[in-house]
Amino acid sequence: MAGRSKPDLRESHAISKLLPRGVASASLTFFEKRALMAIGIRLATVEDLPDIARVVVNCWRSTFSGLLASDFLESMSVDHQERRHRRYFGRADVRYHVAFNERDDVVGFANGGPSRHTGFTHDGEIYALYLLPAYQRQGIGTSLFSRVAGDLEGAGCKGVLTFALTCNPNRGFDHRLGARQAAAEPIMLGGTEIGQVAYLWDDTSVLMRDLRRLAG
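Quick note: the sequence shown uses our numbering, first residue 2, plus one each step.
#1: Classify Ser206: buried if its beta carbon has 16 or more other beta carbons within 10 angstroms, exposed otherwise.
#2: Is Ala185 closer than 9 Å to Gln197 when the C-beta atoms are compared?
#3: When DSSP labels each residue in this structure, what does Val161 get in the three-state scheme?
#4: Are three or more beta carbon pairs between the region 135–150 and the region 109–125 nearer than 8 Å?
#5: Just to confirm before moving on: does the CB-CB distance between Gln137 and Ile40 stay below 9 Å?
#6: Please list, in chain order, all residues of the same chain as Ile195 whose beta carbon is under 8 Å from its beta carbon, the five residues on each side excluded.
#7: Here's the rule I'm using: 16 or more other beta-carbon atoms within 10 Å means buried, otherwise exposed. How should Leu199 be labelled?
#8: CB Tyr128 to CB Val57, shorter than 9 Å?
#9: Okay, do the region 79–89 and the region 117–124 touch, 3+ Cβ pairs below 8 Å being the bar?
#10: Please return the same chain residues whose Cβ sits closer than 6 Å to the Cβ of Pro115, not counting the five positions on each side in sequence.
#11: Should Leu212 and Ala150 be called a contact, given that it needs their Cβ atoms to be closer than 9 Å?
#12: According to DSSP, is Gln137 part of a helix, a strand, or is it coil?
#13: Since Ala100 and Ile141 should fall inside the 8 Å C-beta cutoff, what is the C-beta to C-beta distance between them, to a whole number of angstroms?
#14: Could you pull out every unbroken alpha helix (DSSP H) segment of at least 4 residues lying fully inside the region 161–196, listed in chain order?
#15: Would you identify the three-state DSSP class for Asn102, choosing helix, strand or coil?
#16: Take Asp152 as the anchor and find which of Asn102, Arg96, Arg214 has the nearest alpha-carbon.
#17: How would you write the range of the beta strand (DSSP E) that Arg43 sits in, first residue to last?
#18: How many angstroms separate the CA atom of Thr163 from the CA atom of Val47?
#19: Residues in the same chain with beta-carbon distance under 7 Å from Pro134, minus the five sequence neighbours each way, listed in chain order, please.
#20: Measuring CA to CA, which of Gly192, Phe65, Asp105 is closest to Asp49?
#21: At what residues does the beta strand (DSSP E) containing Val107 begin and finish?
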């Protein structure tokens, strides 16, 4: 899209150092390395909202196929997701970061702001982190998470939490970043009650220290 910056090689280099522990760079294919080094991360703009909405729908359908009702997944609408995120995007206390590839396509995003859950003392929340399947397990999600967590630290949040469906096969991500798990109320999706779990970081400064250490 016109007007967007191209990938910052310094950011791409930082991402390359966020590979999962135990995964040597030599184990990546040429094309995986090329894709990784071409990824950039920046603050989202309002023009990104249609792409953000498409990422949401794509990720839900690919992640939860066979785990959630197919009619619910098929009913998900890009237009609805765009309207939903437009409401959040308009708030001064909510930040969005997007990951984009060498073609300037948005391939993932993360957002966060004040906690929406009164049952916890943690005052900051990572609302969402989505990454298209082809770009997962390359450290990009960790970099997106780190950007939003840094925003929360900068806003004075003392603790951070996030939520995941219990059926989400990717929820080990939060464990690997040092979160502790807590029970959470189930939610209704498509008329069905679905379990979810909370992940808590009690000290935002410790979380950021660990993320910086991970980034080398």
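The beta-carbon is built from N, C-alpha and C at its ideal position, and this holds for glycine as well.
Based on what the coordinates show:
#1: exposed
#2: yes
#3: For Val161, the secondary structure class from DSSP, reduced to helix, strand or coil, is strand.
#4: yes
#5: no
#6: Leu69, Leu166, Thr167, Cys168, Pro187, Ile188, Met189
#7: Note that residue 199 is Ala in the sequence shown, not Leu. Buried: at least 16 other Cβ atoms inside 10 Å.
#8: no
#9: no
#10: If we look at Pro115 and ignore the five residues flanking it on each side, its Cβ neighbours are Asp94.
#11: Yes.
#12: Coil at Gln137, not helix or strand.
#13: Their Cβ separation, rounded to whole angstroms, is 5 Å, which keeps Ala100 and Ile141 in contact under 8 Å.
#14: 173–177
#15: Correct three-state label for Asn102: coil.
#16: Taking only the C-alpha atoms, the option nearest Asp152 is Arg96.
#17: Here the beta strand (DSSP E) through Arg43 covers 41–44.
#18: 24 Å
#19: For Pro134, where only same-chain residues beyond five positions count, the Cβ hits under 7 Å are Ser63.
#20: Asp105
#21: 107–115
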